[in-house]
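Working notes for the structure below.
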Amino acid sequence: MGVVLMERDDSAVQEPPEPRTPWHPLARVGFRFCFAYLSLFCLLFAQILFVFAGIAVAVLPDEAINWQMVRIAPFAEWVGEHVFGIEAVLRENGSGDQAAIWVMIFCLLVLAAAITLIWTVLDRRRTEYRTLSTWFVTAIRLCAGGQLLWYGWAKLVPNQMPYPSLTTLLQPYGDMAKIDVLWNQVGVSPVYQVLLGAAEVVAGLLLFLPRTATLGGMIGLVSMLQVFLLNMTYDVPVKILAFHLVLMSLVVLAPQLRRIMNFLVLQRTTDPATQRPLFGSRRANRISAVVQVALGLWVTTACLHDAHKGWYEWGYGAPEPALYGIWNVTEFTRAGQPLPPLTTDETRWQRLIVDKGFIAHQEMDGTLVKSMGEVDAAAHTLTLVAPPKSADSAPVPFAQLAFEEPAADQLVLRGEIDGQPVTLSLQKQDLDSFRLRGPGFHWVQNEPSFS
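Count the sequence shown with numbering that gives the first Met the number 0 and you get residues 0 to 450, in order.
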């Protein structure tokens, strides 16, 4: 008797259908508004969608990524002037909470409300949107997952909050903005930053797999709530995006809310809280899951590429420039005349700071002045350039100095500052003398290590 082996055809195996019960009228209206508003928001904040462009997003300029905002900026400016009586000019300065963007959000709300009204009138006979809501939730969770991966890897490497700069060690705490306090608070503890990033990365990866998306949404919600709280309390100008990432996490969890409450609160046994399948056949759903996982891996590759770039350009892996450190001025001679260290002297320097990415000098009254500078180790020259006063003006060097190092911790500068001949003798400060850079962890602490 022969035996015939047959391969199971998964394309013919159908997913068990869910009961298509009518939705409450308010639920239908709410879905239409959420669909319209969040779709418009994702199109406005093109960063959300550009993450899926992969490595390209790491090399595109901000104006290319935010081209939608740039194109509707004139309309937002008009609305700001004629509706709110404010100046709503979009500026490319990195702030996501500008008046122009708030006006854009208002316009999106009005447009979404209009779409909801028209949709409700034209589609009033439909009783539910189960299929459309499934695709909508899938798109939102992929967008949320991409953003979590992007921000998570920036912390996991870590690059987003770098270790406090050398000028920060000299800056009075009371002169810092709240955002500086937050950045330095996290940056001074790389391990803490890595753990914050790990939570966001795990949430992002889980969101790209349908079976684990609900867990990813829960972790992502907690992470984004923390980010939003920090943005609100430390005045970080990313409040709009952080709040909408919280909303997107809630959208991901909304279809599973009853199951989550049964399991966490009511302690009832329930079905697995997995995302609704996109298709009717198991094979199609497996293929879609593979596509989503592949997309998540692609976004991760792009994030790692950007993180690798940041690590070696401004992060912990960036090379220290020549003369790196804080140099205390012990002698300052101008036009052959020695200048005593008086706090009222507006021309004498107190310190020279050479850090990764910038050079600064500290005046006698404690003011720190950052400049665009360059240390040429081969030619033994130091050039300091003042930032341009306007977009049309060119940067002008205000200090051109030659240097020599009599010893490892000594420096002599000769040249001109503001057109005056000068000679400076400097002593390098031991960076470990700052308590902030000292040992940060002790198993045994007989007393609190307050300053």
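The beta-carbon is built from N, C-alpha and C at its ideal position, and this holds for glycine as well.
Inset, instruction - Please state if the CB of Phe-397 and the CB of Asp-375 are separated by a distance shorter than 7 Å. - result: Here residue 375 corresponds to residue number 376 of the sequence shown, with the count starting at 1. Here residue 397 corresponds to residue number 398 of the sequence shown, with the count starting at 1. Not closer than 7 Å, so no.
Legend entry - Status (buried if at least 16 other CB within 10 Å, exposed otherwise) for Asn-445: To locate residue 445, count along the sequence shown from 1; it is residue 446. Classification for Asn-445: exposed.
Inset, instruction - From the DSSP output, in three-state form, read off Asn-230 for me. - result: Translated into the one-based positions of the sequence shown, residue 230 becomes position 231. Here Asn-230 sits in helix by DSSP.
Inset, instruction - Please check the pair Gly-372 and Ile-352, which I expect to be a contact at CB under 8 Å, by giving their CB distance rounded to whole angstroms. - result: By 1-based counting over the sequence shown, the position of residue 372 is 373. By 1-based counting over the sequence shown, the position of residue 352 is 353. A Cβ-Cβ separation of about 10 Å leaves Gly-372 out of contact with Ile-352 under the 8 Å criterion.
Legend entry - When Gln-349, Phe-449, Arg-436 and Trp-442 are compared against Gly-186, the one with the closest alpha-carbon: To locate residue 186, count along the sequence shown from 1; it is residue 187. Comparing Cα positions, the closest option is Arg-436.
Legend entry - Backbone CA spacing between Glu-330 and Pro-405 [nearest angstrom]: In the sequence shown, residue 330 corresponds to position 331, counting from 1. In the sequence shown, residue 405 corresponds to position 406, counting from 1. Spanning the two alpha carbons is a distance of roughly 15 Å.
Legend entry - Buried versus exposed call for Lys-154 [16 or more other C-beta atoms within 10 Å across all chains shown]: To locate residue 154, count along the sequence shown from 1; it is residue 155. Classification for Lys-154: buried.
Inset, instruction - Please specify which runs of the beta strand (DSSP E), each continuous and at least 3 residues long, are wholly inside the segment 296-322, giving them in chain order. - result: Uninterrupted beta strand (DSSP E) stretches at least 3 residues long and entirely within the segment 296-322 do not occur.
Legend entry - Rounded separation between Val-368 and Trp-313 - CA only: As a first step, residue 368 is located in the sequence shown; it is residue number 369 there, counting from the start. As a first step, residue 313 is located in the sequence shown; it is residue number 314 there, counting from the start. Taking the straight line joining both Cα atoms gives about 20 Å.
Inset, instruction - Return helix, strand or coil for Leu-338, following the three-state DSSP convention. - result: Here residue 338 refers to the residue found at position 339 of the sequence shown. Secondary structure of Leu-338 (DSSP, three-state): coil.
Legend entry - Contact the segment 69-86 vs the segment 218-235: 3+ CB pairs below 8 Å: They do not touch, by the three-pair rule.
Inset, instruction - To the nearest angstrom, report how far apart Ala-261 and Val-136 are at their CA atoms. - result: Translated into the one-based positions of the sequence shown, residue 261 becomes position 262. Translated into the one-based positions of the sequence shown, residue 136 becomes position 137. A small correction: the amino acid at residue 261 is Asn; Ala does not occupy that position in the sequence shown. Distance between Asn-261 and Val-136, taken at the CA atoms: about 21 Å.
Inset, instruction - Kindly identify the DSSP beta-bridge partner or partners of Met-371. - result: As a first step, residue 371 must be located in the sequence shown, where it is residue number 372. Note: Met-371 sits in a beta bridge opposite Val-384.
Legend entry - Where Trp-442 falls: helix, strand or coil (DSSP): By one-based count along the sequence shown, residue 442 stands at place 443. Note: Trp-442 maps to coil in three-state DSSP.
Inset, instruction - Spatial neighbours of Thr-133 within its chain, please: CB distance less than 7 Å, with the 5 preceding and 5 following residues excluded, ordered by chain position. - result: As a working note, residue 133 is residue 134 in the sequence shown. The beta carbon of Thr-133 sits closer than 7 Å to the beta carbons of Arg-275 and Leu-277 from its chain, once the five residues preceding and following it are set aside; these are given in chain order.
Inset, instruction - Over the uninterrupted beta strand (DSSP E) stretch that includes Gln-414, give me the two end residues. - result: Locating residue 414 in the sequence shown gives position 415, where the first residue counts as 1. For the sequence presented, residue 414 should be read as Gly rather than Gln. Taken as a continuous stretch (DSSP letters only), the beta strand (DSSP E) holding Gly-414 covers 409-416.
Inset, instruction - With a 10 Å radius around its C-beta and 16 neighbouring C-beta atoms as the bar for buried, classify Met-217 as buried or exposed. - result: The residue you call residue 217 lines up with position 218 of the sequence shown. With 16 or more Cβ atoms within 10 Å of its Cβ, Met-217 is classed as buried.
Inset, instruction - Return helix, strand or coil for Ser-132, following the three-state DSSP convention. - result: Here residue 132 refers to the residue found at position 133 when the sequence shown is read from its first residue. When secondary structure is reduced to three states using DSSP, Ser-132 falls in the helix class.
Legend entry - Cβ pair Leu-205, Thr-211 closer than 7 Å: Residue 205 sits at position 206 when you count from the first residue of the sequence shown. Residue 211 sits at position 212 when you count from the first residue of the sequence shown. Yes; because the gap between Cβ atoms is below 7 Å, this pair is in contact.
Inset, instruction - Give the straight-line distance between the Cα atoms of His-379 and Ala-321, rounded to the nearest whole angstrom. - result: Translated into the one-based positions of the sequence shown, residue 379 becomes position 380. Translated into the one-based positions of the sequence shown, residue 321 becomes position 322. Each residue's Cα considered, the two are about 9 Å apart.
Inset, instruction - Note the first and the last residue of the continuous beta strand (DSSP E) segment covering Ile-352. - result: Here residue 352 refers to the residue found at position 353 of the sequence shown. Per DSSP, the unbroken beta strand (DSSP E) holding Ile-352 starts and ends at 348-354.
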